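Chains as they are written, first to last, in the UniProt record's numbering: chain A, 1 to 315; chain B, 1 to 308. Glycine residues also receive a C-beta, built at the ideal position from the N, C-alpha and C atoms. Predicted model only: the values in this text are computed from it and were never measured. The next block holds one structure in the form of structure tokens; read it before the comments.
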């Protein structure tokens, strides 16, 4: 990646340059002090350690959105569970939503605590071949507010990648917070050093969501992150009483389907809004095994299959 | 070689300890923090002048994404404007700015005068709005900024903006408890915001995340005006059966646990969604929508608290 940060002032000399922090263009840049101190020119000593850990992790999937509340955490957990249905595969979930970690609850591991050994931090096993790591496991209480600015969040993400002892993984599914900021830049920077890695983008059908999701697609293209495809969540609501399907979030501008066409991306699936899915997530249950005949289960399995095929095509 | 798991401690970025506390050791931002902490804010005076001309400053917070912060921020501002108040909406969600669409100011640029930025006035309601969305060339343009640059922009949105005299400034925030939230609280600190309205969806999963936001407010001494539980129940247009799509009860649970008023539950109302996307004045277009009726009752409660 270029040493000129995405957010740099015009004519930024680059954080690795001799003029870093000292050029006239640096005046007023919030990072001027760090650059002029020379800290940014030093090679990151942890990068090697991160690469070593990730060398035993085969395929990395970033679950992104841009918009909050579209179901990234739900989709992350369901895809991971679907991938783990193949018992010969080892699957991990990494939750880098530091302010709002959902994976401990969604995966039924709220009370768990992380242990460390000589080999590193042990992720929490929620199944024979399914492990989870989240900052939620490191907090002393369930409602502690993690009030951190960007640099400290980046530090934590790096620690997760450096210190978690996943062992050998076939798939690492990464749950992200909404937005295009520190966490996203950091995770892309670290994972890109260890391909293959690719993103799936989650949206809901309405334009207010698509607005933010288009930005996320732009972000992926800027940082050269391959996109497997788009998943549209909450496409229809099926009334439990009369079974009528309603477009609960009207796709006034064509929804995920149009977005996929406009962006030249695959639409991997359209997931219905099934109130039972929300309840399963609240209770940390596996919806795929609780409701094996639900159309949502079939859709999630299909998305997982397409992910598998994507990575098989890469190798 | 792995490192020990430390206790998760708060980042003291906005206190005198910034850069010097034990928890700062090893933090990538340590040198930036320790070089800034002893300096007084040169802009403090102008920020205070701007903010003193605004009677009520109300933050819309959640912690959780997608619960309807922006929709509720816009509805509150439209109701207040309909009642004749001078209202402004500040959108500090830099990555995902929704306000320009919801207030129908998408195609209007922010004018930079010699005295500062002129907020855009929404055509359907007399509301002044400012959002990073108004500075972007197109919808697809992504603002991929790390914390310090977001902080710098938010400061300018207060310091350099000609808000003028307002009765109410509604501040829409992104999900989380990070740079944007710390920055806006620091800016508002000397003139004390009236408080925060916390929005949640009914789901337990939301409650877990939103409880952190409540704890954040408590830690930062921000009064909580109350909790709004949004997307409470969906009425099937075919058989009128009301389903709690996102399970139930987070609002009441949070209100009880933290001793905070539950301002009300607002239904998921598809009738207004299309109007929202057009940036229409919801109350004028749909005077008796279920969403609007609930929000009016909530506004009455908020006004009672503000009058105290």
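Inter-residue spacing [alpha-carbon to alpha-carbon] between residue 140 (chain A) and residue 188 (chain B): 30 Å
Contact list for the region 131 to 160 of chain B against chain A, Cβ threshold 8 Å: 139, 140, 141, 142, 143, 144, 145, 146, 147, 148, 149, 150, 151, 152
Taking residue 115 (chain A) as part of the beta strand (DSSP E), name the residues at either end of that continuous run. 115 to 117
Under a CB-based cut-off of 8 Å, is residue 4 (chain B) close to chain A? Confidence at residue 4 (chain B) is low in this model, with a pLDDT of 49, below 50, so the placement of that residue is unreliable and no value is reported for it.
Who pairs with residue 258 (chain B) in a beta bridge, going by DSSP? Answer is none; residue 258 (chain B) lacks a bridge partner.
When you compare only the Cα positions, how much space is there between residue 283 (chain B) and residue 64 (chain B)? 26 Å
At which residues does the alpha helix (DSSP H) containing residue 209 (chain A) begin and terminate? 207 to 222
Own chain, CB closer than 7 Å to residue 256 (chain A), minus 5 neighbours either side, in chain order: 203, 205, 230, 232, 267, 270
Straight-line gap, residue 69 (chain B) to residue 228 (chain B) (C-alpha atoms, nearest Å): 10 Å
Which value, in whole angstroms, describes the spacing of the CA atoms of residue 169 (chain B) and residue 59 (chain B)? 8 Å
Measure the beta-carbon distance from residue 27 (chain B) to residue 151 (chain A) and round it to whole angstroms, keeping in mind my assumption that it falls under 8 Å. 6 Å
At the level of alpha carbons, what is the spacing between residue 120 (chain B) and residue 162 (chain B)? 10 Å
I'd like the span of the beta strand (DSSP E) that includes residue 67 (chain A), first residue to last. First-last for residue 67 (chain A): undefined, no H or E at that position.
Going by other Cβ atoms of all chains shown within 10 Å of its Cβ, with 16 needed for buried, is residue 239 (chain B) buried or exposed? exposed
Interface flag, residue 96 (chain B) vs chain A, CB-CB below 8 Å: yes
For residue 201 (chain B), is the classification buried or exposed, using 16 other Cβ atoms within 10 angstroms of its Cβ as the cut-off for buried? buried
Between residue 3 (chain B) and residue 166 (chain A), what straight-line distance do the alpha-carbon atoms span, to the nearest angstrom? Below a pLDDT of 50, predicted positions are generally treated as unreliable, and residue 3 (chain B), at 45, falls in that range; no measurement from the model is reported.
For residue 229 (chain B), write down the residues that DSSP places opposite it in a beta bridge. B:200, B:265
When you compare only the Cα positions, how much space is there between residue 45 (chain A) and residue 23 (chain B)? 20 Å
Assess contact between the region 126 to 144 of chain A and the region 48 to 56 of chain A, defined as three or more Cβ pairs (one per stretch) separated by less than 8 Å. Is contact present? no
Rounded to whole angstroms, how far is the Cβ of residue 143 (chain A) from the Cβ of residue 215 (chain B), which I believe are closer than 8 Å? 5 Å
Run through DSSP, which three-state label would residue 137 (chain A) get? helix
Determine the burial state of residue 124 (chain A): buried for a count of at least 16 other Cβ atoms within 10 Å of its Cβ, exposed for fewer. buried
Taking residue 148 (chain B) as the reference, give the member of A:114, A:154, A:194 with the closest Cα. A:154
Between the region 209 to 226 of chain B and the region 90 to 110 of chain A, do three or more beta carbon pairs fall short of 8 Å? yes
Length-filtered (3 minimum) beta strand (DSSP E) runs lying within the region 128 to 204 of chain A: 130 to 134, 169 to 175, 197 to 203
Buried versus exposed call for residue 110 (chain A) [16 or more other C-beta atoms within 10 Å across all chains shown]: exposed
Going by C-alpha distance, which of B:231, B:157, B:93 is nearest residue 248 (chain B)? B:231
Alpha-carbon spacing of residue 239 (chain A) relative to residue 61 (chain B), whole angstroms: 31 Å
Would you say residue 147 (chain A) and residue 76 (chain B) are within 8 Å of each other, going by their C-beta atoms? no
Report the start-end ranges of each alpha helix (DSSP H) in the region 118 to 200 of chain B that is 4 residues or longer and not cut off at the edges. 147 to 159, 179 to 188
I'd like to check one pair, residue 225 (chain A) with residue 62 (chain A): are the Cβ atoms closer than 8 Å? yes
If you reduce the DSSP assignment to three classes, tell me which class residue 122 (chain A) lands in. strand
Helix, strand or coil for residue 270 (chain A), going by three-state DSSP, please let me know. strand
For the region 129 to 153 of chain A, enumerate the residues whose C-beta is nearer than 8 Å to any C-beta of chain B, in chain order. 135, 138, 139, 140, 142, 143, 144, 145, 146, 147, 148, 149, 150, 151, 152, 153
Tell me which residue opens and which closes the beta strand (DSSP E) that residue 343 (chain A) is part of. With chain A covering only 1 through 315, there is no way to say anything about residue 343 (chain A).
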